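The opening residue of the sequence shown carries number 12 in our numbering; numbering runs sequentially from there. Note that CB positions come from ideal geometry on N, CA and C, so glycine has one too. Quick caveat, the model's predicted, so the values are computed rather than measured. To start, the structure itself, in structure tokens.
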Amino acid sequence: MRTELVSESGDPARPNEDFASVGLPASGQGGALVVLDGVTPPRGETGCLHSVPWFTARLGGALTELTVSRPDVPLAEALAGAITRTSEAHTQTCDLSHPRTPQATVVVARWSAETVEYLILSDSTLLTESPDGVITPYLDDRLARLPRASLATDALIDAHVRNKEGGFFTAAADPSVAARAVTGVLPRADVRALAALTDGATRWVEKFREGDWADCFRFVRKEGAQALVDRVRALETADAQERTYLRRSKTHDDATVVYVEL
């Protein structure tokens with residue numbers, strides 16, 4: 012079994028807000044991966060005493076434990092439980108109703124001898140490869156489908172589209188958001204390998220147009236997860252002055268890639 016995990020901060024002076032794990036139960040029957048992309052808040056009040064890395068570490072750790080130790084629990088239920096556990100850790104000190112309370116995108120995949128389950132919430136990505144080499148992307152594209160005008164300012168986003176019906180959803184303090192995730196179950200025989208990527212890594216496809224999702228998956232399989240992050244960093248640096256591709260986006264973003272051959 013080949014497993015690769017790379018998670019790299021976009022700025023060495025700032026902590027990495029992503030989280031990634033691969034859990035392989037001692038029974039040897041299956042496993043799970045968890046990838047979170049912490050949402051960097053704008054300057055100003057968030058209602059919380061804690062940092063985004065604190066939140067993603069708590070949520071990611073709880074989600075990994077619940078996903079691996081309770082294989083009979085659906086992934087959405089595991090996410091709801093992890094959000095509840097994390098919220099309880101700081102509800103006495105923080106205003107968890109604030110729209111910018113710490114939050115994250117989520118990708119989870121769990122495999123057994125019979126099935127591969129998946130869950131995606133917001134703009135991180137899961138890719139699967141079938142035994143005959145077909146690559147399939149699994150996405151939550153609600154954020155991408157929103158009119159650009161609705162994302163013009165942080166105030167508009169918070170008031171009208173962040174964790175709102177008709178907008179997009181992230182894992183924050185409300186466990187009911189887990190029911191909004193994109194979920195599904197695939198036959199294990201139909202999946203040969205998996206790759207989960209935060210949007211700092213999917214820039215290779217979505218911003219720089221180096222190839223499509225199938226090209227991206229094959230690049231990771233052939234060159235490795237670190238090579239994909241390194242290539243994104245080179246493209247970001249080349250674009251830093253002209254801003255042809257990134258425009259309003261930050262030059263470098265935290266980038267995480269997890270690759271697993273089943």
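Is it right to say residue i is buried, meaning 16 or more other beta carbons lie within 10 angstroms of its own, or is it exposed?
i, result
"K261", "exposed"
"S187", "exposed"
"S108", "exposed"
Beta carbon of residue i, beta carbon of residue j: below 8 Å?
i, j, result
"E19", "P64", "no"
"V269", "V46", "yes"
"P110", "D152", "no"
"V17", "Q237", "yes"
"P148", "T136", "yes"
"R244", "H263", "yes"
"A87", "T194", "yes"
"R96", "P142", "no"
"L239", "T139", "no"
"W215", "R242", "yes"
"A189", "I94", "yes"
Report the rounded CA-to-CA distance for residue i versus residue j, giving the unit in angstroms.
i, j, result
"G235", "E15", "8 Å"
"V117", "L74", "10 Å"
"A192", "L208", "16 Å"
"V172", "G178", "4 Å"
"S98", "H61", "12 Å"
"P82", "A91", "15 Å"
"P85", "V196", "10 Å"
By Cβ distance below 6 Å, which residues in the same chain neighbour residue i in space, the five residues on each side in sequence not counted?
i, result
"R121", "A43, T78, E128"
"A251", "T262"
"D201", "S141"
"N174", "F180"
Give every residue of the same chain whose Cβ lies closer than 8 Å to the Cβ of residue i, excluding the five residues on either side of it in the sequence, and list them in chain order.
i, result
"T112", "T57, G58, C59, C105, D106, A183, A184"
"G49", "E28, D29, F30, V63, P64, F66, T67, P113, Q114, A115, D265"
"R199", "W122, S123, A124, E125, T126, V127, L273"
"Q40", "S123, A124"
Cutting at 7 Å between CB atoms, please list the residues of its own chain near residue i, excluding the five before and the five after it.
i, result
"A100", "R69"
"R13", "E272"
"L154", "S133, D134, F179"
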